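If you use our numbering, the sequence shown corresponds to residues 17 to 232, in order.
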Amino acid sequence: MGAMGGGMAGMSHGDMSGMDHGNMKGMNHAGMGHGAMTAAGASTEVRHARTEYGASIDMRVDTPRTNLDDPGIGLRNNGRRVLTLADLHTVGGPMDPRGAEREIELHLTGNMERYSWSFDGVEYGKSTPVRFQYGERVRIILHNDTMMTHPMHLHGMWSELETPDGQFLARRHTIPVQPAQRISFLVTADALGRWAWHCHLMLHMDTGMFREVVVA
Ligand SMILES: [Cu+2]
Numbered sequence: 017m018g019a020m021g022g023g024m025a026g027m028s029h030g031d032m033s034g035m036d037h038g039n040m041k042g043m044n045h046a047g048m049g050h051g052a053m054t055a056a057g058a059s060t061e062v063r064h065a066r067t068e069y070g071a072s073i074d075m076r077v078d079t080p081r082t083n084l085d086d087p088g089i090g091l092r093n094n095g096r097r098v099l100t101l102a103d104l105h106t107v108g109g110p111m112d113p114r115g116a117e118r119e120i121e122l123h124l125t126g127n128m129e130r131y132s133w134s135f136d137g138v139e140y141g142k143s144t145p146v147r148f149q150y151g152e153r154v155r156i157i158l159h160n161d162t163m164m165t166h167p168m169h170l171h172g173m174w175s176e177l178e179t180p181d182g183q184f185l186a187r188r189h190t191i192p193v194q195p196a197q198r199i200s201f202l203v204t205a206d207a208l209g210r211w212a213w214h215c216h217l218m219l220h221m222d223t224g225m226f227r228e229v230v231v232a
């Protein structure tokens, strides 16, 4: 864990002062006058859910990084050029030209000592589904509050990765989120039903970094 570099700067351990208005997921930001949400890109205001202040969490990141050109731990400055998310460009642009109608922010969380993993401090067994309205265009922000990279796989729909200022980059099934990184992507909820959304590291998925997504 010694190779974290600059990403550690903003981490708080047990500091309650960052507690704010709780879990924003499912809330419609349209017309809410949310200061940090810009037309061009994802909101930058960090919102830790209330459920992140519990025993399931050993770390929170208050000043995440948003750059996509970091090769990642163990691959930096090794004399070779390493492909990063910033190098990807899907030919033809996004499948859906619409901007996001609302924003869902979820944090990737865990406790290294307990070896438990979760979204927003809530393991799968205690969670309720994330709900998408059929046909909506939604922006998902994933904010990594852990010291590990999590390759996050949303089933059933495409994840359209964007730059911090809202430019389309690439269409993917799985998006790796590095330690202390905050990334965003757009999803068109065009597939009715129940879908899995999880980290692709088996031990993380099995211990709770898994959510059900319902499109209805
Ligand atoms: Cu993981």
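Just so you know, even glycine gets a beta-carbon here, dropped at the ideal spot from N, CA and C.
As the structure is a prediction and not an experimental result, all values here were calculated from the model.
Considering only heavy atoms of ligand 1, does any lie closer than 8 Å to the CB of residue i?
i      : result
Met225 : yes
Leu177 : no
Leu217 : yes
Met128 : no
His123 : no
Trp213 : no
Met163 : no
Met221 : yes
Pro167 : yes
Trp133 : yes
Whose C-alpha, out of the options, is nearest the C-alpha of residue i?
i      : options                           : result
Asp161 : Asp136, Gly115 and Ser200         : Asp136
Leu185 : Thr82, Trp174, Thr106 and Arg155  : Thr106
Glu68  : Leu208, Met221, Phe148 and Trp133 : Trp133
Ser59  : Met218, Asp206, Gly209 and Arg118 : Arg118
Gly209 : Val146, Gln183 and His159         : Val146
Glu228 : Ser143, Met164 and Ser200         : Ser143
His220 : Arg63, Thr125, Pro110 and Glu61   : Thr125
Thr190 : Gln197, Arg155 and His216         : His216
Practice task
Could I get the ranges of all uninterrupted beta strand (DSSP E) runs contained in the segment 203-228, with 3 residues as the minimum, in chain order?
Solution key: 209-215
Practice task
Please list the segments of the alpha helix (DSSP H) lying wholly inside the segment 90-127, counting only runs of 4 or more residues, in order along the chain.
Solution key: none
Practice task
Examine the Cβ distances between the segment 163-183 and the segment 201-208 and report whether three or more of them are shorter than 8 Å.
Solution key: yes
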